Structure formats: C-alpha cells, structure tokens
Amino acid sequence: MKFAVIQFGGSNCDRDAEYVLSEICGVDTDLVWFKSRLDPSYDAVIIPGGFSYGDYLRAGAIAARTPVMADIVRHAEKGKLVLGICNGAQILDESGLIPGMFTINAYPKFICRPVHLRVETTDSPFTSLYRKGEVVGIPIAHKEGRYVAPEQICRDLERDDRITFRFCTPDGEVTPESNPNGSAGNITGILSGKRNVMAMMPHPERASEEILGSKDGEKIFLSMIRHIERNEAK
Amino acid sequence: MHYQAKITIALKEGMLDPEARAIQHALANLGYKTDTLTSAKLFFIGFEAKDVQEAEAMAAKMCERLLANPVIHQYTIEVSG
C-alpha cells in the first residue's frame, strides 16, 4: 500500500501529512512534486493544505489546472482514494471533483483555531471508523473556506448522504453560532458522487497525536488505510 | 488579427461579498456614506484570432475554463481590434 502527498509550490502542510501517514499510521508514503506527475501505482493521494500559486486568481484555481491534477482525476475515476485538505479541498472543487466551492469567509479574515465537527456519515472510505453523529475536534486554518453551492446541489448532497462533516457546538448541535466561516448548512466535508474523493477544510493532520491536543483526525487516515486493505483482500 | 479582450469577472447578484462589505466599512470610517459597493476583477488580454467572433468565443472559453468559477461568478467580455 502506498500513499502520495502532492507538493505544489506554496503547499505548507505536505510534510505534516506525510509525517502523520508514515510515522503515526505506519504506511508507506511519498512526497510527490507536482512536476513529477503521478505514478499510477499509488493507492491514495493526499492534496495537502497551503497556498498553491499564492492563492492567485482564486484559492486552488491554478493548481487545479496543472497536469498532475489531470493524473489525479484519472486516479479518482478508477475509484482510488483522494483526500483534499484545506487548500487541497479548494483544488478539488476547482478541478470539478467536488461540487460547489470554498470561497472567502463570511467575515473576511483568516481563522485559525480548534473547532467541533459532527460526523454526518460513516458510509465512506474516510469516515468509516467514526460513529455517526460523533463530535470531533479538528482545527481549521483558512481565509477561503466558506462552502457555497446552489441550493439544489446542497439538497442532492444531503439526499445522497455525501456530507461528511458539519461545524457544530461541543454538544453536536449545528447552529449559526458554531459556523466559523458562514458555510452553507455548516458543511465543511463533502464526498464525490462515487464517495472515493473527500474535500474538507479542517486539518486532520494537525489533530492526529495527543501532544497536539486531539487525536480525532487520525481516524480519517486509518479509515482510508482500512478501506485499501479490505480492497486488497478481495 | 490581433485583438484585445477586456474581461470583467464579478460575483453573481445576491452573492455575499465580504470584501466589498469590509471596504464599505472602511469608506464609512473615512466619512463616506455609501449605499452600494461591488468589487470585480478586470483582465486585459491580447491574442491573435481570425475575426471578432472567434476572439469573443476564445475569451468566453478562457472565462469558463479558468478566469471565472460558475458557482459564484458572472462575466462580461468586450473585444476590440
């Protein structure tokens, strides 16, 4: 089993993601520079957080149109896993793998703090180790993280059980006060139609060790590993 | 023929524009009361095309494929020869 963490110029959570996967989760992980393209042998791709291309034009817009992203779209079409975190989530929406977009926060400033998320579905390769409705603590760090989509898209996401995380209170209530950036329906984690691609604004790689205050994010990576192991066993 | 396209990318009507709101606040702090303020991105792009129709079509493709995000943006194109 092999994971790839993609590095664009301006990525800055690449090493954190690589560290968590290789050192905490014990899985073979490579850092892949975007100009090297993507070897088809990888089982899963992580697009990490950061400021690819300096957030020029729109966050993620330019990275989404690079050749390595065409490789990642093909990788996703084969049913393999792709996780986009923060800037990675913006790149996924700009590349069309995820509907809607993450745009500038309702109050236009950079927010960096721990938040509570409610796990909305466990029926995905990324969330299968959680309990449905469980409240987890994973930090956010973004200025362009407000999820926006036409109402019909939000209804479709809901109907198809494709929302993975919503901002919530410590008790798991989804309220306007617990929504730090004004996201539609407090949504901050979404699956693709085939459920093998997930975009999320919070940073699970910053919440995968007790020393960092929360280990809640680790289950996303462990869920992915278990999914790949089960597929290999088939 | 060489053409120049002036492309304006703006938010669709009704979209929340937090930056515009912050700028409006800053203007208010300077003593200017404003009732509307919208912001937009402006691009001037020079390129070769067969005729004005082709130039307009190319500029539209540039908007659809990169410059605008259809979830939140609308665009206008003015082409001059």
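These protein sequences, in sequence, are chains P and A.
Positions 0 to 233 (numbering that gives the first Met the number 0) are the ones given, in order, by the first sequence.
Positions 0 to 80 (numbering that gives the first Met the number 0) are the ones given, in order, by the second sequence.
Don't be surprised by glycine CBs; every beta carbon is placed ideally from N, CA and C.
Just so you know, these numbers come straight off a predicted model, no measurement behind them.
Item to complete: Using a Cβ-Cβ cut-off of less than 8 angstroms, list which residues of the stretch 66-78 of chain A approach chain P; keep chain order.
Response: Taking a C-beta cut-off of 8 angstroms against chain P, the contacting residues of the stretch 66-78 of chain A are Leu66, Asn68, Val70 and Ile71, listed in chain order.
ask   = How is the beta strand (DSSP E) around Lys1 of chain P delimited, first residue to last?
value = Run containing Lys1 of chain P: Lys1 to Gln6, per the beta strand (DSSP E) assignment.
Is Pro179 of chain P close to chain A, meaning its C-beta is less than 7 angstroms from at least one C-beta of that chain? Chain A, which has no Cβ nearer than 7 angstroms to the Cβ of Pro179 of chain P, makes this no.
Item to complete: Could you name the residues of the stretch 104-119 of chain P whose beta carbon sits closer than 7 angstroms to any beta carbon of chain A, in the order they occur along the chain?
Response: Against chain A - using a Cβ distance shorter than 7 angstroms - the residues of the stretch 104-119 of chain P are Asn104, Ala105, Tyr106 and Pro107.
Residues sharing a beta bridge with Ile234 of chain P, DSSP | It is not possible to answer for residue 234 of chain P, since the shown part of chain P is limited to 0 through 233.
Check your understanding: So is Ala21 of chain A in contact with chain P if we call contact Cβ pairs under 7 angstroms?
Key -> Taking CB atoms only, Ala21 of chain A has a neighbour in chain P less than 7 angstroms away.
Is it a yes or a no for the stretch 178-193 of chain P touching the stretch 134-154 of chain P, going by three-plus beta-carbon pairs under 8 angstroms?
By the Cβ test, the stretch 178-193 of chain P is in contact with the stretch 134-154 of chain P, since at least three Cβ pairs between them sit closer than 8 angstroms.
> Residue range of the alpha helix (DSSP H) that Val72 of chain P falls in?
Replying inline: Pro66 to Glu76 is the span of the alpha helix (DSSP H), which, as asked, contains Val72 of chain P.
**Item:** Burial state of Glu63 of chain A, where buried means 16 or more other Cβ atoms lie within 10 Å
**Value:** Glu63 of chain A counts as exposed, since fewer than 16 other C-beta atoms from the protein chains shown sit within 10 angstroms of its C-beta.
Review point. Between the Cα of Ile22 of chain A and the Cα atoms of A:Gly13, A:Met14 and A:Thr35, which residue gives the shortest distance?
Key: Of the candidates A:Gly13, A:Met14 and A:Thr35, A:Thr35 places its Cα closest to the Cα of Ile22 of chain A.
Tell me, which residues are paired with Arg112 of chain P by DSSP? DSSP, once it has assigned bridges, lists P:Ile139 as partnering Arg112 of chain P.
Contacts around Val67 of chain P, its chain only, beta-carbon distance under 7 angstroms, and the 5 residues preceding and following it disregarded = Closer than 7 angstroms at the Cβ level, and outside the excluded window around Val67 of chain P, lie Ile5, Phe33, Arg36 and Leu37.
Distance CB(Ser222 of chain P)-CB(Ser127 of chain P) smaller than 7 angstroms: Result yes, Cβ atoms of Ser222 of chain P and Ser127 of chain P sit closer than 7 angstroms.
Outcome for Tyr2 of chain A when other beta-carbon atoms lying within 10 angstroms are tallied against a minimum of 16 | Classification for Tyr2 of chain A: buried.
_Looking only at its chain, what residues have a beta carbon closer than 6 angstroms to the beta carbon of Ala206 of chain P, apart from the 5 residues adjacent to it on each side?_
Within the same chain, Ala206 of chain P has close Cβ partners Ile137, Ser213, Asp215 and Gly216.
- How long is the line joining the alpha carbons of Val135 of chain P and Leu26 of chain A, rounded to whole angstroms? CA-to-CA, the gap between Val135 of chain P and Leu26 of chain A works out to about 41 angstroms.
Check: Can the beta-carbon of Val44 of chain P be found closer than 7 angstroms to that of Ile71 of chain P?
Finding: Less than 7 angstroms divides the Cβ of Val44 of chain P from the Cβ of Ile71 of chain P.
Subject >> Any chain P beta carbon closer than 7 angstroms to Glu18 of chain A >> reply: Among the residues facing chain P, Glu18 of chain A is included, as its CB has a counterpart in that chain under 7 angstroms away.
Quiz item: Around the C-beta of Glu12 of chain A, are 16 or more other C-beta atoms found within 10 angstroms, so that it is buried, or is it exposed?
Solution: With a threshold of 16 other beta carbon atoms within 10 Å, Glu12 of chain A falls short and is exposed.
Report task. Following the continuous beta strand (DSSP E) through Ser79 of chain A, name the residue where it begins and the one where it ends. Result -> According to the DSSP assignment, Ser79 of chain A belongs to the beta strand (DSSP E) that extends over His72 to Ser79.
Can you tell me the Cα-Cα spacing of Ser38 of chain A and Lys218 of chain P, whole angstroms?
If I take the Cα positions, the gap works out to 42 angstroms.
What separation, rounded to the nearest whole angstrom, lies between the Cα atoms of Gly8 of chain P and Lys1 of chain P? Taking the straight line joining both Cα atoms gives about 23 angstroms.
Worksheet item: Ordered along the chain, which non-local residues of its own chain (more than five positions away) have a Cβ less than 6 angstroms from that of Ser182 of chain P?
Response: Arg145 and Tyr146, listed in sequence order.
Next item on the list: Kindly list, in the order they appear in chain P, the residues whose Cβ is closer than 9 angstroms to that of Leu36 of chain A.
Entry: Taking the beta carbon of Leu36 of chain A as reference, no residue of chain P falls within 9 angstroms; the closest one sits roughly 14 angstroms away.
Taking C-beta pairs closer than 7 angstroms, name the residues in chain A that Thr102 of chain P reaches, listed in chain order. Under the 7 angstroms cutoff, chain A gives Ile71.
Margin query: Suppose contacts are defined by Cβ-Cβ distances below 7 angstroms. Is Gln73 of chain A in contact with Ala4 of chain A by that definition?
Written below: No; because the gap between Cβ atoms is not below 7 angstroms, this pair is not in contact.
- Smallest Cα separation from Asn104 of chain P: which of P:Asn178, P:Cys24, P:Met197 and P:Arg73? Considering only alpha carbons, the answer is P:Asn178.
Margin query: Tell me the rounded alpha-carbon separation between Met200 of chain P and Asp170 of chain P.
Written below: Spanning the two alpha carbons is a distance of roughly 21 angstroms.
* Asked: How should Thr102 of chain P be labelled, buried or exposed, when 16 other C-beta atoms within 10 angstroms of its C-beta is the threshold for buried?
  -> Buried, by the Cβ-count rule.
Practice prompt. With 9 angstroms as the C-beta to C-beta threshold (strictly closer), list the residues of the stretch 138-150 of chain P near chain A in chain order.
Written response: So the close ones are Arg145, Val147, Ala148 and Pro149.
Checklist line | Span separating the alpha-carbon of Leu211 of chain P from that of Glu119 of chain P | finding: Annotation: Leu211 of chain P to Glu119 of chain P spans about 24 angstroms, alpha carbon to alpha carbon.
| said: Just checking: is the beta-carbon of Gly234 of chain P within a distance shorter than 7 angstroms of some beta-carbon in chain A? | reply: This structure gives no information on residue 234 of chain P, because the portion of chain P shown stretches from 0 to 233.
>> If the cut-off is 9 angstroms on Cβ atoms, which residues from the stretch 50-62 of chain P count as contacting chain A, listed in chain order?
In response: Within the stretch 50-62 of chain P, the qualifying residues are Leu56, Arg57, Ala60 and Ile61.
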